[in-house]
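A short write-up of the structure that comes next.
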Amino acid sequence: MEIRRIGVLGAGTMGHGIAQVCAQSGYQVNLQDIKDEFVEAGISKIQKFLDGSVERKRMTQDEADLTSSRIKGTTDLREAAKDVDLVIEAIVEDINIKKDVFKELDQICPEDAIFASNTSAQSITEMAMVTKHPDRFIGMHWFNPPQLMRGIEVIVTDKTSQETLDTMVNLCKKLGKEPGICKDSPGFIVNRLLQIWYNESLNMFDEGVADPQDIDTALKVAYNFRMGPFELRDLVGLDVALVVSETHYRELMREQFKPPRCLVMKVKAGDLGRKTGRGFYEYESKT
Amino acid sequence: MRIRTIIIIGETEFKTKLQELFSKAGFKVIMSDLNQDYDKQASEADLVLETVSEDIVLKEEVFKRCDAKCPEQAILATTTAKPWVTQIAEVTRRPEKVVGLNFTKNPFDEKYLVQIIRGLQTSDDTIQVSKELLEQVGVTAVKIGETPGYILDRVIASVVNEAALMYTTKLATVEDIDKMMKICTNWPMGPFEFADTIGVDKVVEILESLSQQLGPRYLPCFLLRKMVNAGWLGKKTKRGFYIYS
Ligand SMILES: NC(=O)c1ccc[n+]([C@@H]2O[C@H](COP(=O)([O-])OP(=O)(O)OC[C@H]3O[C@@H](n4cnc5c(N)ncnc54)[C@H](O)[C@@H]3O)[C@@H](O)[C@H]2O)c1
Chain A
1 MEIRRIGVLG AGTMGHGIAQ VCAQSGYQVN LQDIKDEFVE AGISKIQKFL
51 DGSVERKRMT QDEADLTSSR IKGTTDLREA AKDVDLVIEA IVEDINIKKD
101 VFKELDQICP EDAIFASNTS AQSITEMAMV TKHPDRFIGM HWFNPPQLMR
151 GIEVIVTDKT SQETLDTMVN LCKKLGKEPG ICKDSPGFIV NRLLQIWYNE
201 SLNMFDEGVA DPQDIDTALK VAYNFRMGPF ELRDLVGLDV ALVVSETHYR
251 ELMREQFKPP RCLVMKVKAG DLGRKTGRGF YEYESKT
Chain B
1001 MRIRTIIIIG ETEFKTKLQE LFSKAGFKVI MSDLNQDYDK QASEADLVLE
1051 TVSEDIVLKE EVFKRCDAKC PEQAILATTT AKPWVTQIAE VTRRPEKVVG
1101 LNFTKNPFDE KYLVQIIRGL QTSDDTIQVS KELLEQVGVT AVKIGETPGY
1151 ILDRVIASVV NEAALMYTTK LATVEDIDKM MKICTNWPMG PFEFADTIGV
1201 DKVVEILESL SQQLGPRYLP CFLLRKMVNA GWLGKKTKRG FYIYS
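Protein sequences appear in the order of chains A and B.
Following our numbering, the numbering of the first sequence begins with 1 at its first residue and continues without gaps.
Following our numbering, the numbering of the second sequence begins with 1001 at its first residue and continues without gaps.
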């Protein structure tokens, strides 16, 4: 089926970027959030990004104007969803709120509209089952920042139809993105494998095999990883890391996903990485 | 202590690469192998660098003979990729001077990383001298303890194992898994490309060894074992997760 108009729900970190990418590729976009100020903040972030692109000659002024003219902000879900071919949900990571929104969408959207969720950790299947058309429900997992990251994980459930999948794969390509297809499962492809990469590195530290710096250096120098696991953990924040780690362990119930002890202890001690000036490494000033 | 003379004892072609590295840095390098009286030659060396094939019996013999003839302060190093340093050290009268120096070639820029492996008996001094030596040679070195696969291949083998499980359970294809790891999180290679580069046999061996030491969570995925049985070991056999022509 052909997509013309897209509703993007949530104008936060991900939502505003997703809306921008869609508009840049020629789609009409309704960008919705719960408060005017959130919608406005999202739209002004888009404007800033577009202005920057024009300045750096990545885009002409006309292209930028055309892009922003395609985005319509609203706080009204009905307004945002009543005439769209696709909804991309990028609201808070709360399964119950997401389910409520999809139930509502079911009443509002055209019969053949596709529903996509950008969730990182909730079950696509669980969300699909609250709608009348789980065959038209799919996961569309973008990476941050959506304007720059080229990959999108397209998540299918047992109910997703081939047509829905084909439509999404085509859409990703039209947006200039690379789709990777994965069945609904905890962490999908990327986050699940990253967990193993992190855990195994942290486990070696716990076992006394090597220090963070030596592990980071080895992986960067020998295998060209851009950053080591410990540096990345510190950058993202160990509290956030622990939550993600616990989610994977709870969902997958296998030992290799168990949060490493050093991570648990650092969080208990309040050493959360760069933001507190100390994590696996020491940092001079808090930023 | 200062290292001036190095004897490299080995059978592998990697030997000449080592010779090049150390000669260029100004060390006197003696090249030897198992067909020569390497122990006699070793009597004037400050460092023995053993790089014979991965056979524990062979390695123990080399260390025993070198230990008998080498100067008292000489360091005996093995390039083994296996966690054998402690065991090898045990056959010498200088276990504190035995160390592992494992060279890994970066598949992209061909530079080396050395993992300095500390056996149970290895002294701080031996580690320090090794570290300084490698600094002089201009290769990056990291200090680690003995563990199957050491740092690098232990991490990679674990990732490969999970990726293989995801593929076997039909969550995603080999191509999509590799592609997503590269473009969504900037990995230099995907897990299956890593497996084919390192060798599926090596991945399985590391996982088996890890599972013996640390528990069943490391047990290799059935697919990996089958690939080893089929001789699909990766680039070296022209077939692994991908086919190479
Ligand atoms: N941040 C990331 O790196 C990232 C990456 C991939 C996926 N995700 C997923 O994307 C989703 C959004 O994450 P984010 O980082 O953009 O969060 P965010 O907090 O920046 O934005 C969420 C926005 O949703 C709005 N919102 C909340 N409830 C709403 C509702 N009922 N209807 C409409 N809007 C509502 C909030 O006001 C907020 O502006 C989450 O599911 C998250 O798991 C995030």
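Ideal placement from N, C-alpha and C gives every residue a C-beta, glycine not left out.
Note that the structure is predicted; figures quoted are calculated from it, not measured.
Residue i versus residue j - alpha carbon distance
i                  : j                     : result
proline 212(A)     : leucine 193(A)        : 20 Å
glycine 187(A)     : lysine 1235(B)        : 29 Å
threonine 167(A)   : phenylalanine 102(A)  : 20 Å
leucine 1152(B)    : leucine 219(A)        : 6 Å
isoleucine 1116(B) : glycine 208(A)        : 14 Å
glycine 26(A)      : arginine 70(A)        : 8 Å
tyrosine 283(A)    : arginine 274(A)       : 6 Å
lysine 177(A)      : glutamate 79(A)       : 28 Å
valine 1142(B)     : serine 1130(B)        : 10 Å
aspartate 112(A)   : threonine 13(A)       : 28 Å
threonine 1249(B)  : valine 190(A)         : Past the boundaries of the shown model lies residue 1249(B); chain B is included only from 1001 to 1245, so the question cannot be answered.
valine 154(A)      : leucine 9(A)          : 18 Å
alanine 1074(B)    : leucine 1120(B)       : 18 Å
leucine 1113(B)    : glycine 279(A)        : 26 Å
glycine 180(A)     : phenylalanine 1022(B) : 46 Å
valine 92(A)       : aspartate 206(A)      : 34 Å
histidine 141(A)   : serine 120(A)         : 7 Å
arginine 261(A)    : valine 87(A)          : 41 Å
cysteine 182(A)    : arginine 250(A)       : 20 Å
serine 117(A)      : valine 267(A)         : 30 Å
glutamate 1208(B)  : alanine 11(A)         : 48 Å
asparagine 1102(B) : glutamine 147(A)      : 42 Å
glycine 1100(B)    : alanine 90(A)         : 51 Å
histidine 248(A)   : leucine 263(A)        : 14 Å
isoleucine 196(A)  : proline 1188(B)       : 16 Å
threonine 293(A)   : leucine 165(A)        : Missing from the structure shown is residue 293(A); chain A here goes from 1 to 287 and no further.
threonine 217(A)   : glutamate 1060(B)     : 31 Å
lysine 1082(B)     : glycine 270(A)        : 38 Å
Neighbourhood of residue i by C-beta, 6 Å cutoff - its chain only, sequence neighbours within 5 removed
i               : result
histidine 16(A) : Gly42, Lys45, Ile46
alanine 23(A)   : Val29, Thr67, Arg70, Ile71
leucine 1058(B) : Val1052
lysine 82(A)    : Ile108
When the options are compared against residue i, the one with the closest alpha-carbon
i                     : options                                        : result
glycine 1149(B)       : Glu200(A), Glu2(A), Ser117(A), Gln24(A)        : Glu200(A)
arginine 1239(B)      : Gly1199(B), Arg1093(B), Val1203(B)             : Gly1199(B)
phenylalanine 1014(B) : Glu1096(B), Leu1034(B), Lys1105(B), Glu1072(B) : Lys1105(B)
isoleucine 1056(B)    : Val1159(B), Thr1079(B), Asp1196(B)             : Thr1079(B)
asparagine 1161(B)    : Val1137(B), Lys1097(B), Lys1226(B), Asn1102(B) : Lys1226(B)
lysine 1017(B)        : Ala1089(B), Thr1197(B), Asp1037(B), Leu1049(B) : Leu1049(B)
proline 1095(B)       : Val1139(B), Glu1110(B), Arg1118(B), Asp1039(B) : Arg1118(B)
arginine 363(A)       : Phe115(A), Lys48(A), Lys98(A), Lys99(A)        : Any question about residue 363(A) goes unanswered here, given that chain A covers just 1 to 287.
threonine 276(A)      : Leu238(A), Tyr249(A), Pro146(A)                : Leu238(A)
aspartate 1201(B)     : Phe1194(B), Lys1182(B), Leu1233(B)             : Leu1233(B)
isoleucine 1206(B)    : Ile1156(B), Gly1010(B), Leu1101(B)             : Ile1156(B)
lysine 1111(B)        : Lys268(A), Met265(A), Tyr223(A), Lys258(A)     : Tyr223(A)
lysine 1069(B)        : Lys1082(B), Gln1041(B), Glu1054(B), Pro1083(B) : Gln1041(B)
leucine 1035(B)       : Glu1011(B), Gly1026(B), Phe1027(B)             : Here residue 1035(B) turns out to be asparagine, not leucine, going by the sequence shown. The candidate whose alpha carbon is nearest that of asparagine 1035(B) is Glu1011(B).
glycine 139(A)        : Met204(A), Val244(A), Gly151(A), Ser123(A)     : Ser123(A)
aspartate 1196(B)     : Gly1231(B), Lys1082(B), Glu1060(B)             : Gly1231(B)
valine 243(A)         : Cys172(A), Leu272(A), Asp216(A), Leu175(A)     : Leu272(A)
glutamine 1136(B)     : Gly1026(B), Pro1083(B), Ile1009(B)             : Gly1026(B)
glutamate 1072(B)     : Met1001(B), Phe1194(B), Leu1210(B), Asp1037(B) : Met1001(B)
Close beta carbons around residue i, own chain, < 7 Å, minus the five adjacent residues each side
i                  : result
aspartate 1125(B)  : none
isoleucine 1177(B) : Ala1163, Met1166, Tyr1167, Gly1190, Pro1191, Phe1192
tyrosine 198(A)    : Pro229, Arg233
aspartate 1039(B)  : Arg1065, Cys1066, Ala1068, Lys1069
Sequence-distant residues of its chain with Cβ nearer than 8 Å to residue i (five each side left out)
i                  : result
threonine 1250(B)  : Since the first and last residues shown for chain B are 1001 and 1245, residue 1250(B) lies out of range.
leucine 50(A)      : Gln20, Met59, Ala64, Thr67, Ser68
isoleucine 1144(B) : Gln1115, Ile1116, Ile1117, Arg1118, Tyr1150, Ile1151
valine 1098(B)     : Phe1063, Ile1075, Leu1076, Ala1077, Thr1078, Val1085, Ile1088, Ala1089, Thr1092, Gly1119, Gln1121, Thr1122, Thr1126
valine 1228(B)     : Val1200, Asp1201, Val1204
tyrosine 281(A)    : Pro212, Gln213, Phe230, Glu231, Asp234
### Message
With three or more beta-carbon pairs closer than 8 Å as the criterion, would you say the segment 1005-1013 of chain B touches the segment 1032-1046 of chain B?
### Response
With a cut-off of 8 Å on Cβ pairs, the segment 1005-1013 of chain B is in contact with the segment 1032-1046 of chain B, counting three or more such pairs.
### the segment 153-172 of chain A touching the segment 103-112 of chain A, judged by at least three CB pairs closer than 8 Å
Taking 8 Å as the limit for Cβ pairs, the verdict is that the segment 103-112 of chain A does not touch the segment 153-172 of chain A.
### Meets three-Cβ-pair contact criterion under 8 Å: the segment 1214-1221 of chain B and the segment 211-231 of chain A
Not touching, per the Cβ criterion.
### Task
Counting only runs of 4+ residues fully inside the segment 74-100 of chain A, write out the alpha helix (DSSP H) ranges in chain order.
Runs of alpha helix (DSSP H) with 4 or more residues, each lying fully within the segment 74-100 of chain A, are found at 77-81, listed in chain order.
### Query
Is the segment 35-46 of chain A touching the segment 72-79 of chain A, taking contact as three or more C-beta pairs under 8 Å?
Contact between the segment 35-46 of chain A and the segment 72-79 of chain A is established, with three or more Cβ pairs separated by less than 8 Å.
### Query
At which residue ranges does the segment 94-137 of chain A contain complete alpha helix (DSSP H) runs of 4 or more residues, listed in the order of the chain?
Counting only unbroken stretches of 4 or more residues, the alpha helix (DSSP H) elements lying wholly within the segment 94-137 of chain A are 95-108, 124-128, in sequence order.
### Message
Runs of 4 residues minimum, wholly inside the segment 1084-1164 of chain B: which ones carry the alpha helix (DSSP H) assignment?
### Response
Listed in chain order, the complete alpha helix (DSSP H) runs (minimum 4 residues) inside the segment 1084-1164 of chain B are 1085-1089, 1124-1137.
### Message
Short of 9 Å Cβ to Cβ, which residues in the segment 1073-1086 of chain B face chain E?
### Response
No chain E appears in the structure shown, which is made up of the protein chains A and B.
#### Entry: Inside the segment 1039-1084 of chain B only - beta strand (DSSP E) runs reaching at least 3 residues
Scanning the segment 1039-1084 of chain B for uninterrupted beta strand (DSSP E) segments of 3 residues or longer gives 1047-1051, 1075-1078, listed from N- to C-terminal end.
### Message
If we require 3 or more residues per run, which beta strand (DSSP E) segments fall completely within the segment 152-213 of chain A?
### Response
The qualifying runs are 178-183.
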